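S.K.: A single structure is presented below for examination.
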Amino acid sequence: MQATSVISKGQITIPKQIRQQLGIRKGSKLEAAIVGDHIELYIRNIPSNITSTGFAMLKSKHTAVPSDFDPASLLNNDRA
Numbered sequence: 019m020q021a022t023s024v025i026s027k028g029q030i031t032i033p034k035q036i037r038q039q040l041g042i043r044k045g046s047k048l049e050a051a052i053v054g055d056h057i058e059l060y061i062r063n064i065p066s067n068i069t070s071t072g073f074a075m076l077k078s079k080h081t082a083v084p085s086d087f088d089p090a091s092l093l094n095n096d097r098a
């Protein structure tokens, strides 16, 4: 059994090993119940896979900038 602390907002951290073993990640929904003299947590929903890089998570109205774009090309080269 692993110990954890309660912060001032009443939140606890589920140890990483337990989260990994149960597949709990950001966005997971848990339910808490008092059973006798202890608390039991039940997983109610685990979100579908989320890419770890965050690539393509945000959408923009602007066209994408090519990966080989050189911002220095915007400088005016006629300055003398």
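In case it helps, my numbering puts the sequence shown at residues 19 to 98.
The beta-carbon is built from N, C-alpha and C at its ideal position, and this holds for glycine as well.
Everything numeric in this text was worked out from a predicted model, so none of it was measured.
(1) For Ala21, tell me which candidate among Ser85, Ile32 and Gly28 has the shortest Cα-Cα distance.
(2) For the region 76-88 against the region 57-67, do three or more pairs of beta-carbon atoms, one drawn from each stretch, fall closer than 8 angstroms, so that the two count as touching?
(3) Would you mind stating whether Lys47 and Arg62 have Cβ atoms separated by less than 7 angstroms?
(4) Can you tell which of Lys27, Ile52 and Lys34 has its C-alpha closest to the C-alpha of Lys44?
(5) Mind listing, in chain order, the continuous beta strand (DSSP E) runs of no fewer than 3 residues lying wholly within the region 27-76?
M.R.: In terms of the structure at hand:
(1) Ile32
(2) no
(3) yes
(4) Lys34
(5) 47-53 and 56-63
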